[in-house]
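J.: Would you mind keeping the following structure in view while I ask a few things?
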Amino acid sequence: MRENEKKDWLNELNSLVIKSQQDVAGKKSNWQDIYHLVILPMYNEPYGIVKESFDSLIKTNYPLSKMILVLAIEEKAGEEAKEIAKKIEEEFSNKFYKFLITIHPMNVPGEIPGKGSNESYSAEQAKKMVIDPLGINYENILVSVFDVDTQIGKEYFGLLTYKFLTCEKPQRTSFQPIPLFTNNIFEAPALARVVSFSATFWHMMQQARPERLTTFSSHSMPFKALVEIGYWHRDVVSEDSRIFWQLFLHYDGDWRVEPMFYPVSMDANVAPGFWKTMINIYKQQRRWGWGVENVPYLLDGFRKNKKISFKTKFYWGFNVIEGFHSWATNAIIIFAMGWLPILIGGHAFDRTILAYNLPKITGFILNLSTIGIASSAILSVLLLPPKPKGFRFWHYGLYLLQWIFMPITLIIFGAFSGLEAQTRLALGGKFRLGFWVTPKGRYGVKERRQ
């Protein structure tokens, strides 16, 4: 990741053009042919957060003349959101090739209000109002969907274009960066920082095993494929992972995710007040856990699609189900394994060899886990953004010590939220979750603690 951040990917693309011109077979396109459709769904985020994201976009080391920006707001957000969108348009519209504001109507039958329905509407409008009138080849367009608080690194679009032009099947590939929840990390309480970095480390590890990688949050994909599948499903909450399964099933298993090994930074979950922050973290984790709604979708798709091999179906089915099962149970099992069987087993169990060895086994597992916690603590310090005024050297000690809260975060914000999401899916009906928008804001430490 650090190597990719340091490299000048526009220079790499210029070198790639020379190579492609020498390619007799003509299999590669020049990077100047590629356009980027960037969709930023927005609900009730304040102007400052939206502006920060656009500031990062115009600083990219890539020609803005190849970028089509869509600020996708919700009608439900009211006049304030429209005013913010107009202000952003006045400030940034002349920076890009094309700039479009879309207003997703509310109360559309068959839709769940949320990112998926908004993104689908905005992509359709971009196709109708910009792409088709200009006659841009769909195969030369990459669409990137970013949360409106996402700040893009300088080399993101250069690296994305390079990956697209050099991967084996560019029209059958999504591209996934590493999410860093660090925009406002110095405003977050310790528990929120641990949760945020834990999510980052999980997605960072996933990049190292691309055979199991699916799309999450901010990512990119070919526009042609998006049009062919009919855009994002409008009746789901977890549209970021569902789009992978839509593509996977539509193309008979011929779809993969290319890891970018490059970060995009987003907001950590922070609210004005400690307990409000904790509640928001739980709701966000529960919404992520609601990704389990994809399990019945993909299993039903496997049942209907006879072209996907049984081996592929078994591999993905097992890994996805096991992943959600582990999410909801592993932390609780490890926490209770050492003492709960002894507590409820009675005298008969106390006299067994297992009762004697169980605390030792649990202790060994927990000792091993300290290696992961220690490495996480060190990495979290290395990934901190530029330090604000007032940050002292001794603060590093606090940022290392905060990881003692990791067992709490794994159980409360991991296992409990996952169990609730899966239970709600099983019960169905009124228990089903809708799309919960994570509140975004910038709060000073004093304001947050009020």
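Everything in the sequence shown is counted per the numbering used here, starting at 556 for the first residue and increasing by one.
Ideal placement from N, C-alpha and C gives every residue a C-beta, glycine not left out.
1) With burial defined as no fewer than 16 other Cβ atoms inside 10 Å of the residue's Cβ, what is the status of V663: buried or exposed?
2) Out of curiosity, what's the CA-to-CA distance linking G581 and L612?
3) Are at least three pairs of beta-carbons, each pair with one atom in the region 793-804 and one in the region 967-976, less than 8 Å apart?
4) Give the straight-line distance between the Cα atoms of L568 and L714, rounded to the nearest whole angstrom.
5) Given this structure, state the Cα-to-Cα distance separating W991 from A903, to the nearest angstrom.
6) Give a yes or no on contact between the region 865-873 and the region 943-957, applying the rule of three or more CB pairs nearer than 8 Å.
7) Identify which residue in L937, L895 and P851 has its Cα closest to the Cα of L735.
8) Shortest alpha-carbon distance to S775 belongs to which of E560, E723 and Y711?
9) Which residues does DSSP pair with A627 in a beta bridge?
10) For M622, which option in V593, S608, E634 and E646 has the closest C-alpha, if you only look at C-alpha atoms?
11) Secondary structure at S820, three-state DSSP: helix, strand or coil?
12) So the candidates are A754, S675 and W949; which of them puts its Cα closest to the Cα of E794?
13) For the region 849-886, list the beta strand (DSSP E) runs that are entirely contained and at least 3 residues long, ordered along the chain.
14) Just grab the DSSP bridge partners of Q731 for me.
15) Compute the Euclidean distance between the alpha carbons of V579 and F756, then round it to the nearest angstrom.
16) Short of 8 Å in beta carbon distance, which residues of its chain neighbour I740, apart from the five on each side in sequence? Order them along the chain.
17) Go to S793, then tell me how far its alpha helix (DSSP H) extends in each direction, as first and last residue.
18) Between A883, P777, V819 and Q726, which has its C-alpha nearest N738's C-alpha?
19) Counting along the chain, where does the beta strand (DSSP E) carrying L697 start and finish?
20) Within 10 Å of its beta-carbon, does N649 have 16 or more other beta-carbons around it, so buried, or fewer, so exposed?
21) For F816 versus N559, is the C-beta distance shorter than 8 Å?
22) Would you mind working out which of P777, P732 and F829 sits nearest A745, comparing C-alpha positions?
23) So what does DSSP say about S772, is it helix, strand or coil?
24) Going by C-alpha to C-alpha distance, which of E600, L988 and A886 sits closest to M961?
25) What is the DSSP secondary structure of S684, reduced to helix, strand or coil?
26) Please confirm if the region 916-934 is in contact with the region 876-894, defined as three or more CB-CB distances below 8 Å between the two stretches.
27) Please name the residue or residues paired with P668 in a DSSP beta bridge.
28) Answer yes if the region 697-705 comes into contact with the region 600-608, meaning at least three C-beta pairs across the two stretches below 8 Å, and no otherwise.
29) Is W830 close to chain B? Criterion is C-beta to C-beta, closer than 8 Å.
30) Which residue's Cα is closest to the Cα of L697: L624, E666 and Q762?
31) When you compare only the Cα positions, how much space is there between G808 and K838?
32) Using the Cβ count rule (16 or more neighbours within 10 Å means buried), how would you classify M661?
33) Excluding the 5 residues preceding and the 5 following I836 in the sequence, name in chain order all residues of the same chain whose CB lies nearer than 8 Å to its CB.
34) Quick check for students: name the residue ranges of the beta strand (DSSP E) that lie wholly in the region 903-931, counting only runs of 3 or more.
35) Between H950, E848, K779 and P943, which has its C-alpha nearest A1049's C-alpha?
36) Go ahead and label P601 buried or exposed: buried means 16 or more other beta carbons lie within 10 angstroms of its beta carbon, across all protein chains shown.
T.: Taking the geometry as given:
1) exposed
2) Summary for G581: the model assigns pLDDT 43, below 50, so the residue's position carries little reliability, and this model does not support an answer.
3) Short answer: they don't touch.
4) 9 Å
5) Distance between the alpha carbons of W991 and A903: 49 Å.
6) no
7) L937
8) Y711
9) Here A627 is bridged, per DSSP, to P596 and T657.
10) Nearest option by C-alpha distance: V593.
11) Three-state result, S820: strand.
12) S675
13) Complete beta strand (DSSP E) runs here, min 3: none at all.
14) P814
15) A caution first: V579 carries a pLDDT of 41, below 50, which makes its placement in the model unreliable, though a value can still be read off. If you take the alpha carbons of V579 and F756, they lie about 43 Å apart.
16) R748, S751, A823, L939 and P940
17) Careful: S793 lies outside any alpha helix (DSSP H) and carries neither H nor E.
18) V819
19) I696 to V700
20) exposed
21) yes
22) F829
23) coil
24) A886
25) First, the residue type needs correcting, since residue 684 is Met and not Ser in the sequence shown. It is helical.
26) yes
27) In the DSSP output, where bridge partners are listed per residue, P668 has none listed.
28) yes
29) As a matter of chain content, chain B is missing from the structure shown, which is built from one protein chain.
30) Measuring from the Cα of L697, the nearest candidate turns out to be L624.
31) 33 Å
32) exposed
33) L746, A747, V750, N824 and F968
34) Here no run is fully enclosed.
35) Past the boundaries of the shown model lies residue 1049; the chain is included only from 556 to 1005, so the question cannot be answered.
36) exposed
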